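Take this note's numbering: the final residue in the sequence shown is number 395, and no numbers are missing along the way.
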Amino acid sequence: MTDRRMAEPVSIAFDDNGVLPALFGAHDRHLARIEQKLGVALVSRGNRIVISGPSWPAEAAKAVLGGLYGRLKRGMEVDSAEVDAAVRHALDADDAREGVRAWDESAIVATPKRRITPRSPNQARYLQLLRDFDLVFALGPAGTGKTYLAVAMAVAMLGSGRVDRIVLSRPAVEAGERLGFLPGDVRDKVDPYLRPLYDALFDMMPGDKVRWRLENGDIEVAPLAFMRGRTLSKAFVILDEAQNTSPVQMKMFLTRLGEHSRMVVTGDTSQVDLPVGTRSGLRDALDTLVGVEGVTTVTFSDADVVRHDLVTRIVRAYDGRTADEAGDSAAPR
Numbered sequence: 063m064t065d066r067r068m069a070e071p072v073s074i075a076f077d078d079n080g081v082l083p084a085l086f087g088a089h090d091r092h093l094a095r096i097e098q099k100l101g102v103a104l105v106s107r108g109n110r111i112v113i114s115g116p117s118w119p120a121e122a123a124k125a126v127l128g129g130l131y132g133r134l135k136r137g138m139e140v141d142s143a144e145v146d147a148a149v150r151h152a153l154d155a156d157d158a159r160e161g162v163r164a165w166d167e168s169a170i171v172a173t174p175k176r177r178i179t180p181r182s183p184n185q186a187r188y189l190q191l192l193r194d195f196d197l198v199f200a201l202g203p204a205g206t207g208k209t210y211l212a213v214a215m216a217v218a219m220l221g222s223g224r225v226d227r228i229v230l231s232r233p234a235v236e237a238g239e240r241l242g243f244l245p246g247d248v249r250d251k252v253d254p255y256l257r258p259l260y261d262a263l264f265d266m267m268p269g270d271k272v273r274w275r276l277e278n279g280d281i282e283v284a285p286l287a288f289m290r291g292r293t294l295s296k297a298f299v300i301l302d303e304a305q306n307t308s309p310v311q312m313k314m315f316l317t318r319l320g321e322h323s324r325m326v327v328t329g330d331t332s333q334v335d336l337p338v339g340t341r342s343g344l345r346d347a348l349d350t351l352v353g354v355e356g357v358t359t360v361t362f363s364d365a366d367v368v369r370h371d372l373v374t375r376i377v378r379a380y381d382g383r384t385a386d387e388a389g390d391s392a393a394p395r
């Protein structure tokens, strides 16, 4: 049980004054954010911060500040999103000390343009599963980092030589891949649906390297329909928006996995855009592969949303309405 008793003020000292402006934020906005989210008071005195408040939140604030300071010392940035992530780790941990685990070097994914750190304990677990399992299903709402972190791990493994190529795929059209209704050639038709995957790549690699990798085949971004008949060996393969596949498409995709490859399937089972009455291939696969060795699943919730705070509130509102509607439909008439 969380200890809410008031405790003696806790202080933390920093040996590098040069990073303190970045730690505090403009007009101390990072400190104010920590105060608001943890219910503590922070007072800076030279190279020290004095923390006042209930015992556990004060220890959590100390862990948050220590983690953020360590991040700055490693040459990484700290912005409002990173402050929120540090607080989230502390709040979700069993105790304040565990809140800094996800800031360890082992949790960081290094890509050519930036170093990616998990922003929730569930994201940290997800990254570990991506390292350990051949097939990972990542489920949850938008904004939880399902695809972004998978692309980060793929880029890191490509750079280290653990895989020879990256294959990124999505159902090209949400309800049946009817590409003929769009103007242009095949690339013109499918690129709008694959744009989020390109965005993630360009966020982690210089543009010229992304284009070079795409041209020589080290990175392939293709609609799901193009996967049929292939065997993908020593590749990191990601299927995004998998809730919009049929069971036949999903089975086809999963059986493309070759030797020394990793496969990640991401989706949100609450956002299926298939025709009414059509079973989602993602749901079918989850039911079929229960207990299969080498397969694991991570499920994200609104607590893992790392976009604007409003996105979290929107997700919770929709989830609440869905739950209410399910309750109404189950009530006796």
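The C-beta atom is built at its ideal place from N, Cα and C for all residues, glycine as well. None of the values given here were measured: they were computed from a predicted structure.
Contact check, Val360 vs Tyr188, beta carbons under 8 Å: On the sequence shown, residue 360 is found 298 positions in, with the first residue counted as 1. On the sequence shown, residue 188 is found 126 positions in, with the first residue counted as 1. Cβ distance < 8 Å, so Val360 and Tyr188 count as in contact.
Rounded C-alpha distance that separates Arg95 from Val145: For the purposes of this step, residue 95 is taken as the residue at position 33 of the sequence shown. For the purposes of this step, residue 145 is taken as the residue at position 83 of the sequence shown. Taking the straight line joining both Cα atoms gives about 8 Å.
Whole-angstrom distance between Ala172 and Asp270, CA atom to CA atom: As a first step, residue 270 must be located in the sequence shown, where it is residue number 208. As a first step, residue 172 must be located in the sequence shown, where it is residue number 110. Computed Cα separation, rounded: 18 Å.
Of the listed residues Met325, Arg292, Phe315, Leu104, nearest to Ile228 (C-alpha basis): Here residue 228 is taken as the residue at index 166 of the sequence shown, counted from 1. Residue Met325 is the option with its Cα nearest to Ile228.
Pairwise C-alpha distance: Thr350 and Ser295: Position 233 of the sequence shown, counted from the start, is the residue given in the question as residue 295. Position 288 of the sequence shown, counted from the start, is the residue given in the question as residue 350. Rounded to whole angstroms, Ser295 to Thr350 spans 24 Å at the Cα level.
Test item: CB-CB of Val368 and Thr206 under 8 Å: The sequence position of residue 368 within the sequence shown is 306, counting from 1. The sequence position of residue 206 within the sequence shown is 144, counting from 1. Closer than 8 Å, so yes.
Status (buried if at least 16 other CB within 10 Å, exposed otherwise) for Pro233: In the sequence shown, residue 233 corresponds to position 171, counting from 1. Counting Cβ neighbours within 10 Å, Pro233 comes out buried, since at least 16 surround it.
Euclidean distance between Cα positions of Thr328 and Glu70: Residue mapping note: residue 328 aligns to position 266 of the sequence shown, counting from 1. Residue mapping note: residue 70 aligns to position 8 of the sequence shown, counting from 1. Their Cα atoms are separated by approximately 46 Å.
Exposure label - Thr179; buried when at least 16 CB within 10 Å: Walking along the sequence shown from the start, residue 179 turns up at place 117. Thr179 should be labelled buried.
Unbroken alpha helix (DSSP H) run spanning Met219, endpoints: Along the sequence shown, one-based indexing puts residue 219 at 157. Element bounds for Met219: 208-222.
C-alpha distance - His92 paired with Ala123, whole-angstrom precision: Within the sequence shown, numbered from 1, the residue matching residue 92 stands at position 30. Within the sequence shown, numbered from 1, the residue matching residue 123 stands at position 61. Using only the alpha carbons, I get a separation of about 12 Å.
Contact the segment 299-313 vs the segment 339-346: 3+ CB pairs below 8 Å: yes
Cβ neighbour criterion (16 or more within 10 Å) applied to Gly161: Taking the sequence shown and counting its residues from 1, the one referred to as residue 161 is at position 99. Summary for Gly161: the model assigns pLDDT 41, below 50, so the residue's position carries little reliability; its value from the coordinates is reported in the next sentence. Per the 10 Å Cβ criterion, buried.
Contact belief for Arg150 with Arg181 at Cβ below 8 Å, rounded distance in angstroms: Translated into positions along the sequence shown, residue 150 becomes position 88. Translated into positions along the sequence shown, residue 181 becomes position 119. Yes, they are in contact, since the Cβ atoms of Arg150 and Arg181 sit about 7 Å apart, within 8 Å.
Boundaries (first-last residue) of the beta strand (DSSP E) holding Leu104: Sequence index remark: in the sequence shown, residue 104 carries index 42 (1-based). Taken as a continuous stretch (DSSP letters only), the beta strand (DSSP E) holding Leu104 covers 103-107.
Short Cβ contact (8 Å threshold) for Ala148 with Val126: Here residue 148 refers to the residue found at position 86 when the sequence shown is read from its first residue. Here residue 126 refers to the residue found at position 64 when the sequence shown is read from its first residue. Result yes, Cβ atoms of Ala148 and Val126 sit closer than 8 Å.
Secondary structure, beta strand (DSSP E): runs of 3+ residues fully inside the segment 110-140: 110-114
CA-to-CA distance, Ala152 to Asp280, given in whole angstroms: Here residue 280 is taken as the residue at index 218 of the sequence shown, counted from 1. Here residue 152 is taken as the residue at index 90 of the sequence shown, counted from 1. For Asp280 and Ala152, the distance between alpha carbons rounds to 39 Å.
Cβ-based burial, Leu100 [other Cβ within 10 Å; buried from 16]: Numbered from 1 along the sequence shown, position 38 holds the residue referred to as residue 100. Buried.
Minimum Cβ-Cβ distance from Met219 to chain B less than 8 Å: Judged by its chain identifiers, the structure shown contains no chain B, having just a single protein chain.
Cβ-based neighbour list, Ala218, same chain, cut-off 7 Å, excluding 5 preceding and 5 following: Taking the first residue of the sequence shown as position 1, residue 218 is located at position 156. Once the five neighbours on either side are set aside, the close Cβ partners of Ala218 are Val171, Ala172, Thr173.
Residues sharing a beta bridge with Gln199, DSSP: Residue mapping note: residue 199 aligns to position 137 of the sequence shown, counting from 1. Reading the sequence as shown, one finds Phe at residue 199 and not Gln. DSSP, once it has assigned bridges, lists Val327, Thr359 as partnering Phe199.
Segment limits, beta strand (DSSP E) that includes Pro285: Locating residue 285 in the sequence shown gives position 223, where the first residue counts as 1. 281-285 is the extent of the beta strand (DSSP E) around Pro285.
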